[in-house]
Amino acid sequence: MTVSSALVPIAVGAVAVVLLLGLVNMLRGGSANTSQKLMRLRVVLQFVAILVILGVLWWRAG
1 MTVSSALVPI
11 AVGAVAVVLL
21 LGLVNMLRGG
31 SANTSQKLMR
41 LRVVLQFVAI
51 LVILGVLWWR
61 AG
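Written as structure tokens, this is what we have:
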């Protein structure tokens with residue numbers, strides 16, 4: 001497995017973990033402040049994951 005093919009699952013996995021943490025926090029009736037922080041982190045990680053995916057596609061095409 002190359003580094004580029006390992007980056008995509010890591011990026012997507014990070015998004016999934018933060019999403020699950022947010023859902024668990026919400027279902028347990030956790031702090032709204034924590035939910036907001038997790039939502040912001042998820043959005044940032046989604047942006048990073050998209051950049052990683054596009055970068056890997058660009059790298060493999062070239």
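All the letters of the sequence shown, read from the start, carry residue numbers 1 to 62 under the UniProt record's numbering. Positions of the beta carbon are idealized from the N, C-alpha and C atoms, including for glycine. Here the structure is a predicted model, which is why all the values come from computation and not from measurement.
| Item | Value |
| --- | --- |
| Can you tell me which of the three DSSP states R42 falls into? | helix |
| State the Cα-Cα distance for the pair M51 and S4, rounded to the nearest angstrom. | Note on identity: in this sequence residue 51 is Leu, with Met being the wrong assignment. Rounded to the nearest angstrom, the two C-alpha atoms are 12 Å apart. |
| Please confirm whether A49 has its beta-carbon closer than 8 Å to some beta-carbon of chain C. | This model lacks chain C altogether, as it is built from one protein chain only. |
| Could you tell me the alpha carbon to alpha carbon distance between V56 and A16, rounded to whole angstroms? | 20 Å |
| Specify the secondary structure class of S31 as computed by DSSP and reduced to three states. | coil |
| If you run the structure through DSSP and keep just helix, strand and coil, what is G22? | helix |
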